[in-house]
Amino acid sequence: MRINQKEFYIHNLRYIIRSAIEKDAKNLSEVRLQVDGETENLDREQGEAYIDESGFKQLIKEDTESISNLFLVAEVNERIVGFSRCVGYKLKRMSHKVEFGVCVLKEYWGYGIGKKPFKRVYSLG
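Per our numbering, the sequence shown starts with residue 31, numbered consecutively.
Below, the structure is given as structure tokens:
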């Protein structure tokens, strides 16, 4: 699934939330690895379950083609500073459930960047 990009301003910071595209894959791999080392609030340590550029390209392709998945990125000055994924279940009896994950580079915590994708996904529900 894809959405139209949306722009936000908070505390003199302008950022954009938009759907992930294939050319984001390399940056997403780097951001994920960095975020994993900046917090203990995620389910993995830095380097665990590593996803390389080609892995992210595949995820972006699958999520774009799926009506129940959504892959969003947060950009500041054309730099990816975070991302979120919402993955829906394909089974009819589980179609009301999703897995949702979000990560934001530590230097951008406190700007609501992680809340906006969650609110967007919730509004689609």
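For every residue, glycine included, the Cβ atom is placed at its ideal position computed from N, Cα and C.
- When the alpha-carbon of residue 126 is set against those of 116, 135, 132, 110, the nearest one is in 116.
- Linking residue 112 to residue 122 through their CA atoms gives a straight-line distance of about 31 Å.
- The beta carbon of residue 35 lies closer than 7 Å to those of 46, 47, 48 in the same chain, with the five residues before and after it left out.
- DSSP places residue 62 inside the alpha helix (DSSP H), whose first and last residues are 55-68.
- The three-state reading of DSSP puts residue 115 in strand, counting E and B together.
- One Cα belongs to residue 96, the other to residue 58, and the distance between them is close to 20 Å.
- By the Cβ criterion, the segment 129-138 is in contact with the segment 53-68, since at least three pairs of Cβ atoms, one from each stretch, lie closer than 8 Å.
- Nearest C-alpha to residue 142 among 52, 39, 31: 39.
- Of the candidates 118, 91, 144, the residue whose Cα lies closest to the Cα of residue 105 is 144.
- If you check the CB distance, residue 89 and residue 133 do not come in under 8 Å.
- Taking C-alpha positions only, residue 119 is separated from residue 103 by approximately 21 Å.
- Per DSSP, the continuous alpha helix (DSSP H) segment holding residue 87 begins and ends at 83-95.
- Between residue 83 and residue 55, the gap from beta carbon to beta carbon is short of 8 Å.
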